[in-house]
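The next block holds one structure in the form of structure tokens; read it before the comments.
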Amino acid sequence: GSVLLAVLVIYVGAGLLMLVSTRLSIRVINRIVFQLREDLQTKLSRLPLSYFDRAKRGEVLSRATNDIDNISQTLQQTMGQLINSALTIVGVLIMMVWISPLLALVALVTIPLSVVVATQVGKRSQPQFVQQWRVTGKLNAHIEEMYTGHNLVKVFGRQEESAKDFAEQNDALYEAGFKAQFASGIMQPLMMFISNLNYVLVAVVGGLRVASGTLSIGDVQAFIQYSRQ
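First residue of the sequence shown? That's 2 in our numbering, and the numbers climb one at a time after it.
Here you go:
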């Protein structure tokens, strides 16, 4: 009975923590995005007219809408997971150390490798994403100008030239988007490889500890489950 009560308390506590973290993250994210829009509006109002003469209106609109929406989506996808992951990591580390400090140390060996891989992939993918959104801004500028001046395009017979420009920029966006997604997509298989490497190390060391009678098979199995979280 006491075990069931403890499990119930743990689940209720975990649910309450998730509720609080979700509410907190939503409030923080919306506040950040709100402040970004305020800062953008303030910045745009202070820019000289010469800037708007040089910059294409579609690119400015893309910065004001697409870029901020991307920041908002990224924060929504990561902030809530970050809080939950932090709580999970703390709990898992406690259980791993409690089962076997040696195996916990072995499991942590691959963390520096994961950090190095994530850093290198991030460095290589970031310029690709910058290029992707730069091309997106140019494409939006072209579309906005062509539809705003649609009558002028038809009057001067520039339909084919407009369509050609659109096709070129659309192809450029396809290439930039493919490179950006491919560069960032490498992260998952690399992390899976590191996770499997960690699994092998823990299994080998755990097997040796079982053979020496220091740990039981159940302890090693439980540890492996925790290390795969």
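Note that the Cβ used here is the ideal one computed from N, Cα and C, for glycine as well.
- Per DSSP, reduced to three states, the secondary structure at ARG229 is coil, with no helix or strand assignment.
- Following the DSSP letters along the chain, one finds ARG55 inside the alpha helix (DSSP H) bounded by residues 50-55.
- PHE183 has its alpha-carbon roughly 26 Å from the corresponding atom of TYR200.
- ALA177 is positioned such that its CB atom lies closer than 9 Å to that of GLN132.
- Under the three-state reduction of DSSP output, GLY92 falls in the helix class.
- Here the C-alpha atom of ALA65 lies approximately 7 Å from the C-alpha atom of LEU41.
- With a contact defined as Cβ atoms closer than 8 Å, GLN77 and ILE33 miss out at about 11 Å.
- Remark: C-beta atoms of LEU104 and PHE224 approach each other more closely than 9 Å.
- Between LEU25 and ILE90, the C-beta gap is not smaller than 9 Å, which leaves the two residues out of contact.
- Just measuring C-alpha positions, the residue of VAL110, SER73, VAL61 sitting nearest ASN141 is VAL61.
- Put simply, the backbone Cα of GLU162 is about 32 Å away from that of LEU48.
- Look at the beta carbons and you see the segment 162-176 not touching the segment 188-204: under three pairs across the two are nearer than 8 Å.
- Approximately 16 Å separates the beta-carbon atoms of SER115 and SER185; this is outside 8 Å, ruling out the contact.
- The beta carbons of GLN170 and LYS139 sit about 6 Å from each other, so the pair counts as a contact at 8 Å.
- By alpha-carbon distance to ALA119, the top candidate from TYR227, PHE194, THR137, ASP220 is PHE194.
- The DSSP-derived three-state label of THR43 is helix.
- Note that the C-beta distance between GLN129 and LYS180 is below 9 Å.
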